[in-house]
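With my numbering applied, the sequence shown covers 44 to 612. Notes follow the structure.
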Amino acid sequence: MRLGWILLVGMLCACSLSAQTSGAQSPVPDVFLVTIDTLRADHVHCYGNDGVSTPALDALARDGVRFSQAFTPSPVTNTSHTTILTGLLPSTHGVTDFAVPLSTSYPTWAELLHNRGYHTAAFIGAVILDSKTLAPGLDRGFDFYDNFPEHPKSNERWGRVERRGAEVAEHAENWLNTHRAGPRFVWVHLYDPHDPYEPPSPYAQTYKDRPYDGEIAYADSVLGSFVAYLKAHSWYRNALIIVVGDHGEGLGEHREETHGIFLYDSTLHVPLIVKLPAGAGAGKSVDAQVRTTDILPTALSLVGIELPAHLDGSSLKPYFDGGETADRVAIGETDYPLRFGWAPLKSVRRNQQKFIAAPRPEFYDLRADPGELKNIYASDNPDVATTRQVLADLHSTPNSTDSAAASLKNLPDPKDKIEEQNLLHAALLASDDNRPEAARQALEKVLALDPKSPTALRQLGELELQAGDYPKAATHLKAAHTVRPDDATVALELGQALEKTGDYPGARDALETALQASPGQLDARVLLGNVYLALKDFRAAEDQFEAALLLKADSTEAQAGLAKAKLGH
Ligand SMILES: [Zn+2]
44 MRLGWILLVG MLCACSLSAQ TSGAQSPVPD VFLVTIDTLR ADHVHCYGND
94 GVSTPALDAL ARDGVRFSQA FTPSPVTNTS HTTILTGLLP STHGVTDFAV
144 PLSTSYPTWA ELLHNRGYHT AAFIGAVILD SKTLAPGLDR GFDFYDNFPE
194 HPKSNERWGR VERRGAEVAE HAENWLNTHR AGPRFVWVHL YDPHDPYEPP
244 SPYAQTYKDR PYDGEIAYAD SVLGSFVAYL KAHSWYRNAL IIVVGDHGEG
294 LGEHREETHG IFLYDSTLHV PLIVKLPAGA GAGKSVDAQV RTTDILPTAL
344 SLVGIELPAH LDGSSLKPYF DGGETADRVA IGETDYPLRF GWAPLKSVRR
394 NQQKFIAAPR PEFYDLRADP GELKNIYASD NPDVATTRQV LADLHSTPNS
444 TDSAAASLKN LPDPKDKIEE QNLLHAALLA SDDNRPEAAR QALEKVLALD
494 PKSPTALRQL GELELQAGDY PKAATHLKAA HTVRPDDATV ALELGQALEK
544 TGDYPGARDA LETALQASPG QLDARVLLGN VYLALKDFRA AEDQFEAALL
594 LKADSTEAQA GLAKAKLGH
């Protein structure tokens, strides 16, 4: 006991001493987190893929510790990044969809480092991580968070919804140039491998038939330049650098083209490389199963910050010296299918087996079947029972498993819906790209598969609204409203379409429903006021305009409407 204590104290002293003497700058290391979006582990050269050139990731693995079996709990960008920045599972931090604010109850990586004197900055490559719109709260603790412009100058994709990696890195380097005093925590998000796959030259040519790999090679080149920049400023050696994928990509496996719906390894297995300060652990490879929930506690323990009371992961430090070699249990969770009205999924990966909780449950023996192609689920299999219990223990609030089971039972299995999802995704990209005809075609194919798809009906309605075909818009939106009567956006859009066709009673009913679901919608209030004017119900019109003015006192439309209503009676 005594000897053990003396040894431990000795080791701690040696560590802090080496930290103080090895770095040219501060003994507290700079921390650089680089997340590469949509990066499948098996599409990286140092993860065994000879067809993709990733010299920067390979070099970082030679200088650091490479985890060959790292798993994200979430295949969705916001959710997965929130996990990386909090060390929490999606079901704990709650950011399970776009635009869901991160609760202030959970401290973020940036906050924890900022409280200890770090200068902090984040550089994002996609609007889906913009903290003003789709990722509220993710900026907590950052001195600077590089959001997208609120009013983009052009309709182009670049700069409006996505930034090339080189631009993201340039922003980060500009910030570092003006924040030279450490310690600094910088998060760089390279979105490039996310679809649509459009690598710039020369990667577009080199990877002509594999544009996804071309995007990876390009993102790797950006990482290479960024590392070269750090080296040129002597900021590399003493830094802690963590590079990780936020999730993988389906690429047609299990019929999933992109990511978000399923919990197979194609989208959950990610590369994870940890480059330690002063070259510690260089070239080590760890084959134990670990999780992206472990990244935050690792970083905190390496820079000597106390861990928050509750985390779903734990530090990977014991793997660096071989003190720990065992696999950790990896949980998977996706609520993304709920967006489309399909069952959410959960999974457990342990002992080289995977259980997926779905309306039609799945169980895979990963040793014999690494591609997860042969579902050997049987309710009386004791391994299934043990693995299922892991999920039950995870969040054992009263009735939670009952209600989860009930919701699973009633919703369609995403396995039966993946073709629809591929088409919906294609339509979304086409709309984003101002290609309404391609979007319309994809959505009509969805309706051929499921005439009641609320997402397809709403998006078709929106396309027709934009195109000015109001009767058609009204037809689609009416159908969407029947399937999803509580959806305030659909109700508002239906009201807009009906008002344009002159169906004022119909518009009135739709707008009343929209405002019941979401009373703070200024647009809906003003429009409903105008509909009441058209119906010559001046008192009701007056009420709506007054309510609108409570929402926005200087709304000229509401002021004009109120004047008309008062004249009317
Ligand atoms: Zn992503």
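Yeah, the Cβ is synthetic: ideal placement off N, Cα and C, and Gly gets one too. Please read these numbers as outputs of a predicted model, since none were measured by experiment.
Burial state of residue i, where buried means 16 or more other Cβ atoms lie within 10 Å
| i | result |
| --- | --- |
| leucine 593 | exposed |
| threonine 377 | buried |
| proline 133 | buried |
| aspartate 436 | exposed |
| histidine 524 | buried |
| alanine 421 | exposed |
| glycine 375 | buried |
| proline 441 | Reliability fails at proline 441, whose pLDDT of 49 lies under 50, so the model's placement of it is uncertain and no value is given. |
| tryptophan 201 | exposed |
| lysine 389 | buried |
| leucine 630 | The structure shown does not extend to residue 630, since the chain spans only 44 to 612, so no value can be given for it. |
| glutamine 112 | buried |
| serine 328 | exposed |
| aspartate 263 | buried |
Beta-bridge partners of residue i, as assigned by DSSP
| i | result |
| --- | --- |
| proline 396 | The sequence shown places glutamine at residue 396, rather than the proline named in the question. Looking at the DSSP assignment, glutamine 396 forms a beta bridge with Arg393 and Asp408. |
| glutamine 112 | Gln332 |
| glycine 653 | No answer is possible for residue 653: the residues shown for the chain start at 44 and end at 612. |
| aspartate 189 | Phe166 |
| valine 313 | Ala113 |
| valine 211 | Valine 211 pairs with nothing; no bridge assigned. |
| alanine 301 | Reading the sequence as shown, one finds threonine at residue 301 and not alanine. In the DSSP output, where bridge partners are listed per residue, threonine 301 has none listed. |
| histidine 232 | Thr78 |
| lysine 595 | In DSSP, lysine 595 forms no bridge with anything. |
| isoleucine 127 | The partner list for isoleucine 127 (beta bridge, DSSP) is empty, contrary to what the question assumes. |
| isoleucine 285 | Leu76 and Val317 |
Rounded C-alpha distance that separates residue i from residue j
| i | j | result |
| --- | --- | --- |
| arginine 410 | valine 119 | 26 Å |
| glycine 267 | alanine 209 | 11 Å |
| valine 229 | valine 77 | 8 Å |
| alanine 534 | glutamate 415 | 41 Å |
| threonine 81 | alanine 510 | 33 Å |
| glutamine 68 | proline 404 | Reliability fails at glutamine 68, whose pLDDT of 44 lies under 50, so the model's placement of it is uncertain and the value that follows must be treated cautiously. Rounded to the nearest angstrom, the two C-alpha atoms are 54 Å apart. |
| tryptophan 152 | glycine 184 | 8 Å |
| glutamate 536 | leucine 506 | 11 Å |
| lysine 495 | alanine 271 | 53 Å |
| alanine 517 | glycine 504 | 7 Å |
| glutamine 396 | glycine 366 | 24 Å |
| alanine 400 | valine 317 | 32 Å |
| alanine 601 | glutamine 564 | 13 Å |
| tyrosine 90 | proline 314 | 8 Å |
| alanine 603 | leucine 576 | 12 Å |
| aspartate 552 | alanine 540 | 12 Å |
| lysine 609 | alanine 550 | 22 Å |
| proline 479 | glutamine 502 | 10 Å |
| alanine 282 | aspartate 106 | 11 Å |
Residue i in three-state terms, based on DSSP
| i | result |
| --- | --- |
| alanine 331 | strand |
| tryptophan 152 | helix |
| leucine 100 | helix |
| aspartate 370 | coil |
| glutamate 376 | strand |
| lysine 417 | coil |
| isoleucine 171 | helix |
| arginine 551 | helix |
| alanine 164 | strand |
| glycine 267 | helix |
| lysine 251 | coil |
| histidine 222 | coil |
| valine 533 | helix |
| histidine 290 | coil |
| isoleucine 348 | coil |
| serine 141 | For the record, residue 141 in the displayed sequence is phenylalanine; it is not serine. Here phenylalanine 141 sits in coil by DSSP. |
| arginine 227 | strand |
| leucine 177 | coil |
| leucine 354 | coil |
| leucine 434 | helix |
Spatially closest choice to residue i from the options, by CA coordinates
| i | options | result |
| --- | --- | --- |
| arginine 298 | Asp459, Thr163 and Phe383 | Asp459 |
| leucine 345 | Val170, Arg334 and Ala323 | Ala323 |
| arginine 527 | Ala499, Thr429 and Gln539 | Ala499 |
| glycine 30 | His136, His232, Thr368 and Gly168 | Given that the chain is displayed from residue 44 to residue 612, the structure contains no residue 30 and the question cannot be resolved. |
| aspartate 476 | Ala102, Glu462 and Asp238 | Asp238 |
| asparagine 453 | Leu508, Ala386, Arg501 and Val391 | Ala386 |
| arginine 392 | Leu311, Leu381, Leu354 and Lys417 | Leu311 |
| alanine 590 | Val569, Ile348 and Leu306 | Val569 |
| leucine 471 | Ile461, Arg280 and Arg483 | Arg483 |
is_contact[residue i, chain B] using C-beta, thresh 8 Å
| i | result |
| --- | --- |
| threonine 97 | No chain B appears in this structure, which consists of one protein chain only. |
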